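Worksheet: one structure, shown below.
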Amino acid sequence: MPELPEVETTRRGISSYILHHKVHAFKVREPRLRWPVPTALAKILPGQRIDSIKRRAKYLLLGAETGTLIIHLGMSGSLHIVAAKLAPETHDHVDIIMDNGQCLRLRDPRRFGAVLWTTQDPCQHPLLRHIGPEPLTKSFSGNYLYRASRKRRCAIKTLLMNARIVAGVGNIYANEALYHAGIRPGWAAGRLSHQDCGALATAVKSTLKQAIRAGGTTLKDFTNSVGQPGYFGQSLQVYGRQDRPCMRCASPIKRKIIAQRASYYCPKCQS
Ligand SMILES: [Zn+2]
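Residue numbering for the sequence shown follows the working numbering, beginning at 5 and increasing consecutively.
Next up, the structure:
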């Protein structure tokens with residue numbers, strides 16, 4: 005599943021190809037994504053310039069002249085820049101063709117992604133309205149996390165993955181951040197000290213930033229119709245490493261299911 009760093013890398017990757025360009029055509033081959041793709045966009049979008057490409061949590065917001073396209077990659081979606089004339093493949097459901105001959109193509113085999121349109125402030129859209137602060141901004145801090153976790157009995161990892169608490173921290177990076185902060189994923193959120201919360205907020209930021217930096221090296225994949233932006237596996241230190249030695253202390257990494265999600269931790273470094 006694309007997480008925040010993948011979405012941010014996508015945003016950066018597609019920007020230079022479509023920002024300040026006008027839409028020439030909007031083609032939907034399969035409107036049945038998580039919600040139906042508005043077919044009216046084929047009439048609304050052509051002729052409109054894309055003035056901004058922003059990200060809120062894991063949503064991409066393409067600001068056009070009369071509204072905003074809200075794109076979510078769901079479980080398996082990816083965006084690619086291809087030549088408009090390149091024949092689509094089976095799971096290439098939506099094309100946004102620009103006046104420079106480039107095409108932003110959405111591929112989504114499992115169709116949990118979304119392409120929506122709003123003429124209002126996109127951050128007030130029902131899908132985005134209740135999302136917590138962006139993890140890479142100052143509003144997400146140790147102080148904030150400390151206040152938000154008081155009296156919470158859920159696991160700290162579950163709290164970190166709650167979009168109302170902080171935007172876009174998925175399973176992979178929640179595991180990684182907890183490892184870097186030396187905090188066990190299953191601990192009750194409300195029992196974390198102020199110091200723990202500070203270390204965790206810092207670790208969330210550095211983990212995401214590192215992944216975004218690693219993703220920068222895959223930017224060229226956005227011009228490749230078959231290349232997947234992929235995940236930045238080279239930088240993962242604990243996720244998916246059950247029974248393998250901890251990179252710090254060599255203890256075997258443990259795996260535990262917390263709130264139905266696979267959780268990995270070092271029993272020694274996170275104790
Ligand atoms: Zn360790």
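Just so it is clear, CB atoms sit at the ideal spot from N, CA and C, and this is done for glycine as well. No experiment lies behind these values; they were computed from the predicted model shown.
Which class does residue 181 belong to by DSSP, given the choice of helix, strand or coil? helix
Any residue whose CB is nearer than 6 angstroms to a heavy atom belonging to ligand 1, listed in chain order: 250, 252, 253, 255, 270, 272, 273
When the Cα of residue 145 is compared with those of 19, 90, 182, 209, which residue comes out closest? 209
Run through DSSP, which three-state label would residue 123 get? coil
Report the three-state DSSP secondary structure of residue 243 (helix, strand or coil). coil
For residue 53, which option in 101, 127, 248 has the closest C-alpha, if you only look at C-alpha atoms? 101
Beta-carbon within less than 6 angstroms of residue 115's beta-carbon, same chain only, minus the 5 sequence neighbours each way: which residues are those? 37
For residue 25, which residues in the same chain have their Cβ closer than 8 angstroms to its Cβ, ignoring the five residues on either side in sequence? 53, 54, 102, 103, 104, 106
Between residue 249 and the rest of its own chain, which residues show a CB-CB distance below 8 angstroms, the 5 nearest in sequence each way excluded? 255, 256, 257
Would you grab the beta carbon distance between residue 130 and residue 170 for me? Rounded to a whole angstrom, and I think it's under 8 angstroms. That belief does not hold up - the Cβ atoms of residue 130 and residue 170 are roughly 19 angstroms apart, past 8 angstroms.
Under the three-state DSSP convention, the category residue 35 falls into: coil
Quick check on DSSP: helix, strand or coil for residue 267? strand
Are residue 84 and residue 112 close, meaning C-beta to C-beta below 8 angstroms? no
State the Cα-Cα distance for the pair residue 179 and residue 56, rounded to the nearest angstrom. 32 angstroms
Taking C-alpha atoms, which residue in 259, 215, 27 lies nearest to residue 88? 27
Below 8 angstroms, can you find three or more Cβ-Cβ pairs linking the stretch 31 to 48 to the stretch 57 to 67? no
Looking only at C-alpha atoms, which of 19, 247, 176, 183 sits nearest to residue 215? 176
Cβ-Cβ distance between residue 272 and residue 190 below 8 angstroms: no
Spatial neighbours of residue 162 within its chain, please: C-beta separation below 7 angstroms, excluding the five flanking residues on both sides. 262, 263
Near residue 150, which residues of its chain fall below 7 angstroms by C-beta distance, leaving aside the five closest residues on each side in sequence? 198, 201
If I follow the unbroken beta strand (DSSP E) through residue 87, where does it start and stop? 82 to 87
Taking residue 77 and residue 11 to be in contact with their CB atoms under 8 angstroms, please state how far apart those CB atoms are, rounded to whole angstroms. 7 angstroms
Quick check on residue 72: buried or exposed, where buried means 16 or more other Cβ atoms within 10 Å of its Cβ? buried
According to the neighbour-count rule (16 or more other Cβ atoms, all chains shown, within 10 Å of its Cβ), is residue 90 buried or exposed? exposed
Reducing DSSP to helix, strand and coil, say where residue 103 ends up. coil
Mapping DSSP to helix, strand and coil, what is residue 272? coil
At what residues does the beta strand (DSSP E) containing residue 66 begin and finish? 63 to 67
Residue 5 to residue 22, Cα distance in whole Å? 24 angstroms
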